[in-house]
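Reviewing the structure listed below.
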Amino acid sequence: MMTPGDRIKLRRKEMKYTQRKLASVVKVSHVTISQWESCDTTPGGRNLFALASALKCTPTWILYGDTETSPIPIESIAPPLAERELELLRLFAYLPESEKERHMAELQSKVDEFNKLFAELLHARNELNI
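When you line the sequence shown up against this note's numbering, it's residues 330 to 459, in that order.
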């Protein structure tokens, strides 16, 4: 049977966090994370909720392994957007629908051009290596 420490460690590794990285997100020391994982102490209060938020799971799952509140599979968690990407989405939302369509078509055209250029460069490189 898994302990809260086992679940914390499992989820941390699934999310590819080091103890130091998780500690930084939760705003505790890496020693605290180590103590939780080795069951020397158990997270509680604010720390439990911060840990659950960082690990994208529920406090109940951490403490009791409640299968009804199992964490979301890592594959289905969208990676966080960079500030630049968020700004792009905010600006895009203000455009009228006709402008959105035009910009989408332009962006798709640019991506297609870069893909074609990349394919041509790769082909030329392969020709030189023959």
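By construction, the Cβ of each residue, glycine as well, lies at the ideal position given by its N, Cα and C atoms.
Residue state for M433 is assigned as helix, using DSSP reduced to three classes. Around the beta carbon of R454, fewer than 16 other beta carbons sit within 10 angstroms, so the residue counts as exposed. By the CB criterion at 7 Å, R336 and I391 fall inside the cutoff.
The three-state reading of DSSP puts A411 in coil, since its state is none of H, G, I, E or B. When rounded, the separation of the alpha-carbon atoms in S353 and H359 is 8 Å. Note on A411: under 16 other CB atoms within 10 angstroms of its CB, so exposed under the neighbour-count rule. Contact check for L384 against R419 fails: the beta carbons are separated by 7 Å or more.
CA-CA distance, K342 to E397, rounds to 21 Å. Secondary structure of G374 (DSSP, three-state): helix.
The distance from the Cβ of K345 to that of A379 is about 19 Å, inconsistent with a contact at the 8 Å cut-off.
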